[in-house]
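*Asks:* Please read through the structure below; I'll follow up with questions.
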């Protein structure tokens, strides 16, 4: 079982890790790379059918998280899910799958499921936003009694993907909050690559201040529970979702220095979703360690 470590001072940093070999293996990988927090998929994200979680596996995972002293674990939902879908069959499957994601998170002791709000397709954006919000609310209502909630993730706006503007996410939360008892189970995950690609500047300091003020005005910084810390392969406002190593993309080191040290973001965990491939093209723990070290150096300056 992974050994508990005393977390270093400063920001709470972590990465997404694979559950290959068992849920507990993700915790081992998190410790190997120096994480204080962790994100996982709880299932095969490219298939609709899903195997039930063995209670013994869930218990082993929860024990591993406790022993490792991880500050937070979140799950990410399947990429197939689209609660905004115009097609009734796809939307029905999406809502059912999102509810199942919440039940699985609850079984594993995970408090939040990060979820993309879906894509509009040929629908008018406003109608798609309303359908996405109603679908997310329905999944939360179907899991009444479950503590796990949903974090709507900001997106780059690639194609017809929803959630590229703070206005859209704020509207979704307003719909969800209007349903009794749901507000406390709905929040936001901000992805740095996505918001940069969507046209929200992250540097210099005055620009980041303005972006965070817009977020606070339209959504509320109190709803921000997790940050995906990813640099961007593509330029500002490209609306293309392509992650890059910290400081090696178009966002750049200066912006991440500001993000790590911004007082409005203090205490919000930052989780890497950056490429993991080493020089040989295979996943390497050293890659995550290097990205986390870059972020930690900013906090130490």
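Residue numbers (the numbering used here): 1303 to 1603.
Don't be surprised by glycine CBs; every beta carbon is placed ideally from N, CA and C.
Being a predicted model, the structure only gives us computed values, none of them experimental.
(1) For residue 1578, is the classification buried or exposed, using 16 other Cβ atoms within 10 angstroms of its Cβ as the cut-off for buried?
(2) Residue 1599: which of 1558, 1435, 1571, 1536 sits nearest, CA to CA?
(3) By DSSP's criteria, residue 1478 is part of a beta bridge. Which residues make up the other side?
(4) So which of 1387, 1338, 1492 has the shortest CA-CA distance to residue 1454?
(5) Using a Cβ-based criterion (distance less than 7 Å to any ligand heavy atom), does residue 1494 qualify as near the ligand GDP?
(6) Measure the alpha-carbon distance for residue 1528 versus residue 1467 and round it to whole angstroms.
(7) I need the straight-line Cα distance from residue 1339 to residue 1544, nearest angstrom please.
(8) Once the 5 residues before and after residue 1400 are set aside, which same chain residues still bring their CB inside 6 Å of it?
(9) Just to confirm, are residue 1464 and residue 1387 a CB contact at a threshold of 8 Å?
(10) Whole angstroms are fine: how far does the CA of residue 1570 sit from the CA of residue 1533?
(11) Going by the beta-carbon positions, is the gap between residue 1404 and residue 1572 smaller than 8 Å?
(12) Based on Cα-Cα distance, which residue from 1347, 1331, 1325, 1349 lies nearest to residue 1356?
(13) Let me know the beta strand (DSSP E) ranges lying completely inside the region 1381–1442, each 3 residues or longer, listed in chain order.
(14) How big is the Cα-Cα spacing for residue 1483 and residue 1371?
(15) The beta strand (DSSP E) spanning residue 1564 covers which residue range?
(16) Rounded to whole angstroms, how far is the Cβ of residue 1514 from the Cβ of residue 1490, which I believe are closer than 8 Å?
(17) Output the distance between the C-alpha atoms of residue 1582 and residue 1343, rounded to the nearest integer angstrom.
(18) Between the Cα of residue 1500 and the Cα atoms of 1475, 1402, 1461, which residue gives the shortest distance?
(19) Is the beta carbon of residue 1556 sitting closer than 8 Å to the one on residue 1505?
(20) Is the separation between the beta-carbon of residue 1474 and that of residue 1421 shorter than 8 Å?
(21) Kindly indicate the opening and closing residues of the beta strand (DSSP E) around residue 1488.
(22) Output the distance between the C-alpha atoms of residue 1553 and residue 1588, rounded to the nearest integer angstrom.
(23) Between the C-alpha atoms of residue 1450 and residue 1509, what's the straight-line distance to the nearest angstrom?
(24) Is residue 1367 helix, strand or coil by DSSP?
(25) Is there a Cβ of chain C sitting closer than 8 Å to that of residue 1416, yes or no?
(26) State the CB to CB distance for the pair residue 1542 and residue 1313, rounded to an integer number of angstroms; the pair is presumed to be in contact (CB under 8 Å).
(27) Going by C-alpha distance, which of 1396, 1367, 1390 is nearest residue 1350?
(28) Using DSSP bridges, identify the partner residues of residue 1463.
(29) Check residue 1330 in the structure and name its three-state DSSP category.
(30) For residue 1419 and residue 1565, what's the separation of their Cα atoms in angstroms?
*Replies:* In short, the structure shows the following:
(1) Per the 10 Å Cβ criterion, buried.
(2) Nearest C-alpha to residue 1599 among 1558, 1435, 1571, 1536: 1558.
(3) DSSP, once it has assigned bridges, lists no residue as partnering residue 1478.
(4) Looking at 1387, 1338, 1492, the one whose alpha-carbon comes closest to that of residue 1454 is 1492.
(5) The ligand GDP is absent from the structure shown, which contains no ligand whatsoever.
(6) Roughly 17 Å between the two C-alpha positions.
(7) Each residue's Cα considered, the two are about 23 Å apart.
(8) These residues qualify, in order along the chain: 1383, 1441.
(9) Not in contact: residue 1464 and residue 1387 (Cβ atoms no closer than 8 Å).
(10) The C-alpha of residue 1570 is placed about 18 Å away from the C-alpha of residue 1533.
(11) In this structure, residue 1572 does not lie closer than 8 Å to residue 1404 by Cβ.
(12) Closest in alpha carbon position to residue 1356, among 1347, 1331, 1325, 1349, is 1325.
(13) The DSSP assignment places complete beta strand (DSSP E) segments of no fewer than 3 residues inside the region 1381–1442 at 1414–1417, in order along the chain.
(14) In a straight line, the C-alpha of residue 1483 is about 30 Å away from that of residue 1371.
(15) Unbroken run through residue 1564: none, as it is neither H nor E.
(16) About 12 Å; that fails the 8 Å criterion.
(17) Their backbone Cα atoms lie some 25 Å apart in a straight line.
(18) Among 1475, 1402, 1461, the Cα nearest to that of residue 1500 belongs to 1461.
(19) Cβ atoms of residue 1556 and residue 1505: closer than 8 Å.
(20) No; because the gap between Cβ atoms is not below 8 Å, this pair is not in contact.
(21) Run containing residue 1488: 1488–1493, per the beta strand (DSSP E) assignment.
(22) Going from the Cα of residue 1553 to the Cα of residue 1588 covers about 22 Å.
(23) Distance between the alpha carbons of residue 1450 and residue 1509 is about 34 Å.
(24) In the three-state DSSP reduction, residue 1367 falls in the helix class (H, G or I).
(25) You won't find chain C in this structure, because it holds only one protein chain.
(26) The C-beta separation of residue 1542 from residue 1313 comes to about 27 Å, leaving the pair out of contact by the 8 Å criterion.
(27) Here the closest residue by C-alpha is 1396.
(28) 1421, per the DSSP bridge assignment.
(29) Residue 1330: helix per DSSP, three-state reduction.
(30) Taking the straight line from one Cα to the other gives about 28 Å.
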